[in-house]
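Peer 1:
Residue numbers (our numbering): 89 to 215.
1) Can you give me the C-alpha to C-alpha distance between residue 164 and residue 115, rounded to a whole angstrom?
2) Please determine, among 186, 196, 112 and 192, the residue with the shortest C-alpha to C-alpha distance to residue 101.
3) With DSSP as the reference, label residue 92 as helix, strand or coil.
4) Given this structure, state the Cα-to-Cα distance separating residue 161 from residue 118, to the nearest angstrom.
5) So, at 7 Å on beta carbons, what are the nonlocal neighbours of residue 189 in its own chain, with the 5 sequence-adjacent residues on each side left out?
6) For my contact list, residue 177 and residue 212 are in at a C-beta cut-off of 8 Å; report their separation, rounded to the angstrom.
7) By the three-class DSSP mapping on this structure, what secondary structure does residue 104 have?
8) Helix or strand or just coil, what does DSSP make of residue 155?
9) Looking at residue 179: is its Cβ nearer than 8 Å to the Cβ of residue 92?
10) CA-CA distance, residue 113 and residue 96?
11) Taking the alpha-carbon positions, what's the residue 201 to residue 185 distance?
12) In three-state DSSP terms, what is residue 179?
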């Protein structure tokens, strides 16, 4: 299993403006292509663009309907890696392919070391 760095020098964050996101899934498709298009092990999925996608998608768009009594609104919520302080995906990795970069805390996967076991996706509490 892979160990985490003791600390990171700085911490980065990712902000998505939900007022601009239209739920086109371009970010999810790009992520899927990068991770399954020959750069990494195949990532199987079913119903990828349906309401309940199953399989390995490192980036998903969750769609919520809100109702304030007068009108409804569709909210598209992109969900990508949150680069956790203590990422379970890193500590569960048997090859060290999943790792947290010490200089900035970014969680990455080394495609050369990845064996495609998908333990990282199972360990991720955010899906």
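The beta-carbon is built from N, C-alpha and C at its ideal position, and this holds for glycine as well. Given the structure is predicted, the values throughout are model-derived calculations rather than measurements.
Peer 2: On the basis of the supplied data:
1) Stepping through the chain shown from its first residue, residue 164 is reached at position 76. Stepping through the chain shown from its first residue, residue 115 is reached at position 27. So the alpha carbons of these two residues sit roughly 12 Å apart.
2) What you label residue 101 is simply residue 13 of the chain shown in a count that begins at 1. Shortest Cα-Cα distance from residue 101 to any of 186, 196, 112 and 192 involves 192.
3) Mapped onto the chain shown, residue 92 falls at position 4. Residue 92: coil per DSSP, three-state reduction.
4) Translated into the one-based positions of the chain shown, residue 161 becomes position 73. Translated into the one-based positions of the chain shown, residue 118 becomes position 30. Cα-Cα distance, rounded: 26 Å.
5) The residue labelled residue 189 in the question sits at position 101 within the chain shown. Counting only Cβ-Cβ distances below 7 Å, and skipping sequence neighbours, we find 196.
6) Against the chain shown, residue 177 aligns to sequence position 89. Against the chain shown, residue 212 aligns to sequence position 124. Between residue 212 and residue 177 the Cβ distance is about 5 Å, and since that is below 8 Å, they are a contact.
7) Residue mapping note: residue 104 aligns to position 16 of the chain shown, counting from 1. In this structure, residue 104 counts as coil in the three-state DSSP scheme.
8) On the chain shown, position 67 is the one that residue 155 refers to. Correct three-state label for residue 155: strand.
9) As a position in the chain shown, residue 179 is number 91, starting the count at 1. As a position in the chain shown, residue 92 is number 4, starting the count at 1. The Cβ atoms of residue 179 and residue 92 lie closer than 8 Å to each other.
10) Translated into the one-based positions of the chain shown, residue 113 becomes position 25. Translated into the one-based positions of the chain shown, residue 96 becomes position 8. Rounded to whole angstroms, residue 113 to residue 96 spans 31 Å at the Cα level.
11) The residue you call residue 201 lines up with position 113 of the chain shown. The residue you call residue 185 lines up with position 97 of the chain shown. When rounded, the distance between both Cα atoms is 5 Å.
12) Numbered from 1 along the chain shown, position 91 holds the residue referred to as residue 179. The answer is helix: DSSP assigns residue 179 an H, G or I state.
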